[in-house]
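See below for the structure under consideration.
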Amino acid sequence: MGPALVTPYALTVDAGVRDLRAADHLLHELTDGLALPEGTWGCTHLVRDDRPRVVLSLALPSAPLLRTTWERLAEAGQGALSPGLPDPAGRAVLYPGASALTGTLTVAELLARSAIDRVTVLGAPGDPDPGTRVVTRDHVRPQWQHGTLVLAATPALGGTLVPFEAPDPTPCCADH
């Protein structure tokens, strides 16, 4: 179930960020600065219009916390704020259990420790065996797909899996 199904208390922050890494950093900075509770969801959303960018969403556990967060973000001038989520298909950065997904875990452990509902392997039919090891690289960014939080993974050495999204991707044309 997506953040809108978890809580109706959500807002979107459009700070004009252009890449995912900067959006992740800003999301962590905002939530740390606001001291938001563990039940807070933080996602990034790609906006593909005449001004492509990445917007942030926060889904909070209560109406009072939403009001306080809105007021503090507005006072700090952190970007344009709007109510609700920008779309249902965000990329989860902050979610229950995210901080426990470090090192190498089995698929079953990853699912049990976090809000992730499912792991898929790109190019493979069906779900991976629950005992398959996942090398998290301490960077697990699942995506919302039809109300389900899904981690896309790829095969790696030794029969392990790694999350599809690399923590430090090589920029396009880095060798030019």
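For the sequence shown, numbering that gives the first Met the number 0 begins at 0 and goes up steadily by one.
Backbone N, C-alpha and C fix where the C-beta goes; we use that ideal spot for every residue, glycine too.
Exercise. Would you identify the three-state DSSP class for residue 67, choosing helix, strand or coil?
Key: Along the sequence shown, one-based indexing puts residue 67 at 68. Note: residue 67 maps to helix in three-state DSSP.
Quiz item: Is residue 57 buried or exposed, if buried means 16 or more other CB atoms sit within 10 Å of its CB?
Solution: Position 58 of the sequence shown, counted from the start, is the residue given in the question as residue 57. By the neighbour-count rule (16 or more Cβ atoms within 10 Å), residue 57 is buried.
Quiz item: Which one of 107, 108, 13 has the shortest CA to CA distance from residue 180?
Solution: Here the chain has residues from 0 to 175 only, and residue 180 is not among them.
Quiz item: Would you report the Cα separation of residue 100 and residue 64, rounded to the nearest angstrom?
Solution: Residue numbering aside, residue 100 sits at position 101 when the sequence shown is read from its first letter. Residue numbering aside, residue 64 sits at position 65 when the sequence shown is read from its first letter. Going by the C-alpha atoms only, they are around 26 Å apart.
Quiz item: Skipping 5 residues on each side, what residues in its chain have a beta carbon closer than 7 Å to that of residue 147?
Solution: Counting from 1 along the sequence shown, the entry for residue 147 is found at position 148. Taken in chain order, the residues that qualify are 116, 117.
Quiz item: Closest to residue 80 by CA distance: which of 68, 91, 90 is it?
Solution: Within the sequence shown, the letter at position 81 stands for residue 80. Residue 80 has its Cα closest to that of 68, out of 68, 91, 90.
Quiz item: Where does residue 41 sit, in a helix, a strand or coil, going by DSSP?
Solution: Here residue 41 corresponds to residue number 42 of the sequence shown, with the count starting at 1. Reduced to three states, the DSSP call for residue 41 is strand.
Quiz item: Can you round the beta-carbon distance between residue 30 and residue 15 to whole angstroms, since I take them to be within the 8 Å contact cut?
Solution: Mapped onto the sequence shown, residue 30 falls at position 31. Mapped onto the sequence shown, residue 15 falls at position 16. Contact doesn't hold; Cβ gap of about 19 Å is too wide.
Quiz item: Where do the ends of the beta strand (DSSP E) carrying residue 55 lie?
Solution: On the sequence shown, position 56 is the one that residue 55 refers to. Residues 52-59.
Practice problem: Over the uninterrupted alpha helix (DSSP H) stretch that includes residue 20, give me the two end residues. | Solution: Counting from 1 along the sequence shown, the entry for residue 20 is found at position 21. Start and end: 19-33.
Quiz item: Name the DSSP beta bridge partners of residue 13, please?
Solution: The residue given as residue 13 occupies position 14 in the sequence shown. Bridge partners of residue 13: 79.
Quiz item: Where does residue 224 sit, in a helix, a strand or coil, going by DSSP?
Solution: The chain is shown from 0 up to 175; residue 224 falls before or after that span and cannot be answered.
Quiz prompt | Three-state secondary structure (DSSP) of residue 97 | solution = Counting from 1 along the sequence shown, the entry for residue 97 is found at position 98. Three-state DSSP puts residue 97 in a helix.
Exercise. Spatial neighbours of residue 165 within its chain, please: CB distance less than 8 Å, with the 5 preceding and 5 following residues excluded, ordered by chain position.
Key: On the sequence shown, residue 165 is found 166 positions in, with the first residue counted as 1. Same-chain partners within the cutoff: 136, 138.
Quiz item: Is it true that the CB of residue 152 sits closer than 7 Å to the CB of residue 162?
Solution: Position 163 of the sequence shown, counting from 1, holds the residue named residue 162. Position 153 of the sequence shown, counting from 1, holds the residue named residue 152. Closer than 7 Å, so yes.
Quiz item: Whose C-beta lies closer than 6 Å to the C-beta of residue 103 among residues of the same chain, with five residues either side of it excluded?
Solution: The count along the sequence shown starts at 1 and reaches residue 103 at position 104. Counting only Cβ-Cβ distances below 6 Å, and skipping sequence neighbours, we find 132, 134.
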